[in-house]
Amino acid sequence: MRVLFVTSEVHPLIKTGGLADVSGALPPALEKLGLSVKVLLPGYPAVMQKIARSEIGTPIDIPGPLGTTSARLLPVRYGALDLLVLDAPDLFTRPGGPYNAPGGQDWPDNQFRFGALCHAAAWLSLSDTPLGWRPDILHGHDWQAGLAVAYCHLWGQHGRPRTVFTVHNLAYQGQFAAENVPHLRLPWEAYRHDGLEFWGGMSFLKAGLWYADQLTTVSPTYAREIQTPELGCGLDGLLSMRSSNLAGILNGIDDTEWNPGIDPFMPATFSDSKMAGKATVKRALQVASALTPDPQTPLFCVVSRLTHQKGLDLLADCLPDLVGRGAQFVLVGTGDPALEHRYRMLAAAYPGRISAQLKYDEGFSHLVIGGSDAIIVPSRFEPCGLTQMYGLRYGTLPVVRRTGGLADTVTDATPAAIENGSATGFTFDHADAAGLSWALSRALDLWKHPKLWKQVMRSAMTHDNSWDKAALDYQALYEGLLAKPL
Ligand code: ADP
Ligand code: GLC
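Structure representation (C-alpha cells):
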C-alpha cells in the first residue's frame, strides 16, 4: 500500500510543535508494517540545508505549479524518511519560520505557499508522474494540507486515492478571503456552506474536514471534544455530522529520539530498573539553569510553545506559592511576548528557584525533561500533547489538566490508583489557577513519600506509548477505506 503524507513540518528537518514529531515518526512506523510512505513537505531554507548533505534523487518538474513560475520535487531518503521536498524558492526561500515572517506576523501569501503544497500533492495523486509512484491513500495533516484533499475530490473524476485528513489542532484553520477561490484553482461551486466556505471566507481546514473520506484526530477524548461547541471552534456541527467517519488515534512517541536509556543530550542515562543516572541529569539541569543544585528539592518543568492554549498564564499565578513551598521550576519555551515577559519577571524575582529559558532548543528540552521530577501541562485544550508522554518515559511525573490527549495518557495518583499501581501522574479538571494549584499540592505531598514517588515513576516509565499500536490503527483504517468502493 502506498501512502502520501502531506505535512508542513517534519522532525528533524523543521519543527515548531508536535506535528513535526508525528510526521517524523509515524511514517517509519508504518513502513515497518510493510507500507510505502512518502512525505511531501515544503523546501524551507532549514530543510534545503539539511537535505543538501543527503542523497537527492532526480528532481521532478511540476507542470503548471500554483502560486509560482516554477516548482520541482526533490526525492530524498533522509534517515528513516522517504521525503518529497517541494523546492519552490519564490514561496519558501525566506527568513523566519514556516508560517511567519521574522517579526511574527503570518506570511501574507500563506494561501499560495500551502496551496502550492496541496497542488503538488494532487498532481502526484492524480497523474502518472515521472516518480512512477501513485498513492493509494493521500493523508493530509492540519489546515496546510486541507486543499490537497479538496483537489483530489474536485479533480479526481478519473480515479483518485482515498483521502484521510488528520486534525492535530482545530484552532488553526487556514482562513482566507473568498476572492482567493479562483486563484487557488477552486471552482466557485465549492465555495458554499456545504463545502469550503466558513464565516464569509474560505477555510483550508474546513475543506479537509468536508471532503476527506476519513477524518482522524490525535486522541479519542479530543475526537469527542471537537464535536462540542466548547472545543469545536465553530466546526462542531460538521464534525458531529461526520462522526461516523471520525476516529481518535492516540499519538505515540519516538523511542529512538525519546529514550532515557540512550539519550545523547543528557550527561547520564537511566531506565526504570536503573534510575541512579537521573540524579546526575537533575544536577546538570540545575547547574545549566542557574537553579540551586539540590537533589532533595522537587524540580518542576514546562517545555512548551507559549500560547493561550497551553494555560501557562494559570501556572504563572501558581508559581510563587509552588516555590514558596520549597519547589524549583524551569521553563523552556517561546511565544507570546506578554507571557515571555511574565516568566522573565518571575525568574528575576526568585533567583535560584525559578529559571525561564526563553528559547527553542531541542537538545536542552531533553535535559529539562530528563532532569526534572515533574512536568506541568495545564492546557485549556490539548489534542494529544507529547511532552507529558516524554515525561512519563523519563520518570518525570506529569501534572496535567484532564482534557484531550492529556486525559488519555495520564492516570491520576488517587490513593486507589497508587495502591493498584496504575497511577502515573496528577490530573485536575478546572482550567483555573485553583485547580492547577490543587494538583501541584498533591504532587508536593507525594514527593514527601519517596518510596511511593518512585513507585509511580516506575509505572510511568513502563507505560507503553510507542508508535506501534497507532501505526496498526492507521493501517487498519487505510485498509478499511480501500476495501470500500469510491
Ligand atoms: P504542540 O504541538 O501543541 O506544540 P506537543 O506537546 O504535541 O504540543 O508538542 C510540542 C513539541 O515541541 C514537543 O516535542 C516539545 O518538546 C517541543 N517544544 C516545544 N517548545 C519547545 C522549545 N522551546 N524548545 C524545544 N522543544 C520545544
Ligand atoms: C498539535 C497539538 C498537540 C499534538 C500535536 C501532534 O500541535 O496542539 O496536542 O500533540 O499536534 O499531534
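According to the numbering used here, the sequence shown is numbered sequentially starting from 410.
C-beta: ideal position from N, C-alpha, C; glycine also.
Do you know offhand how far residue i's Cα is from residue j's?
| i | j | result |
| --- | --- | --- |
| residue 587 | residue 729 | 48 Å |
| residue 561 | residue 512 | 35 Å |
| residue 424 | residue 418 | 5 Å |
| residue 487 | residue 440 | 14 Å |
| residue 789 | residue 575 | 21 Å |
| residue 689 | residue 431 | 30 Å |
| residue 520 | residue 429 | 20 Å |
| residue 800 | residue 806 | 6 Å |
| residue 459 | residue 506 | 15 Å |
| residue 778 | residue 529 | 38 Å |
| residue 564 | residue 558 | 10 Å |
| residue 438 | residue 660 | 12 Å |
| residue 715 | residue 615 | 26 Å |
| residue 636 | residue 891 | 26 Å |
| residue 863 | residue 717 | 33 Å |
| residue 817 | residue 415 | 26 Å |
| residue 543 | residue 471 | 15 Å |
| residue 664 | residue 585 | 38 Å |
| residue 764 | residue 700 | 7 Å |
| residue 871 | residue 861 | 16 Å |
| residue 435 | residue 669 | 20 Å |
| residue 796 | residue 589 | 37 Å |
| residue 726 | residue 652 | 38 Å |
| residue 748 | residue 755 | 11 Å |
| residue 739 | residue 694 | 9 Å |
| residue 422 | residue 824 | 44 Å |
| residue 568 | residue 643 | 32 Å |
| residue 479 | residue 526 | 13 Å |
| residue 508 | residue 829 | 46 Å |
Determine whether the beta carbon atoms of residue i and residue j lie at a separation below 8 Å.
| i | j | result |
| --- | --- | --- |
| residue 865 | residue 833 | yes |
| residue 827 | residue 710 | no |
| residue 451 | residue 626 | no |
| residue 667 | residue 802 | yes |
| residue 467 | residue 497 | no |
| residue 475 | residue 495 | no |
| residue 556 | residue 604 | no |
| residue 610 | residue 629 | no |
| residue 648 | residue 655 | yes |
| residue 762 | residue 741 | no |
| residue 954 | residue 552 | Because the chain spans 410 through 895 in this model, residue 954 falls outside it and cannot be assessed. |
| residue 490 | residue 448 | yes |
| residue 704 | residue 691 | yes |
| residue 446 | residue 463 | no |
| residue 752 | residue 767 | yes |
| residue 854 | residue 811 | no |
| residue 743 | residue 769 | yes |
| residue 547 | residue 540 | no |
| residue 814 | residue 844 | no |
If you count every other CB in all the chains shown that lies within 10 Å of the CB of residue i, and 16 or more means buried, which is it?
| i | result |
| --- | --- |
| residue 570 | buried |
| residue 572 | buried |
| residue 724 | buried |
| residue 671 | exposed |
| residue 536 | exposed |
| residue 420 | buried |
| residue 621 | buried |
| residue 809 | buried |
| residue 522 | buried |
| residue 502 | exposed |
| residue 504 | exposed |
| residue 592 | exposed |
| residue 821 | buried |
| residue 578 | buried |
| residue 619 | buried |
| residue 876 | buried |
| residue 427 | buried |
| residue 782 | buried |
| residue 819 | buried |
| residue 719 | buried |
Tell me, please, whether the CB atom of residue i is closer than 8 Å to any CB atom in chain C?
| i | result |
| --- | --- |
| residue 740 | Looking at the structure shown, chain C is missing, and only one protein chain is on hand. |
Complete beta strand (DSSP E) runs within the stretch 491 to 569 (minimum length 3 residues, chain order): 546 to 550
Alpha helix (DSSP H) segments (min. 4 residues) lying fully within the stretch 582 to 607: 589 to 592
Length at least 4, wholly inside the stretch 612 to 667: the alpha helix (DSSP H) runs in chain order: The stretch 612 to 667 contains these whole alpha helix (DSSP H) runs: 613 to 620, 629 to 634, 645 to 650.
Within 7 Å of the ligand GLC: residues by beta-carbon to any heavy atom: 426, 427, 428, 430, 431, 577, 578, 627, 660, 718, 791, 792, 793, 794, 795, 813, 814
Alpha helix (DSSP H) segments (min. 4 residues) lying fully within the stretch 814 to 855: 824 to 829
Complete runs of the beta strand (DSSP E) confined to the stretch 655 to 736 [at least 3 residues]: 655 to 657, 708 to 715
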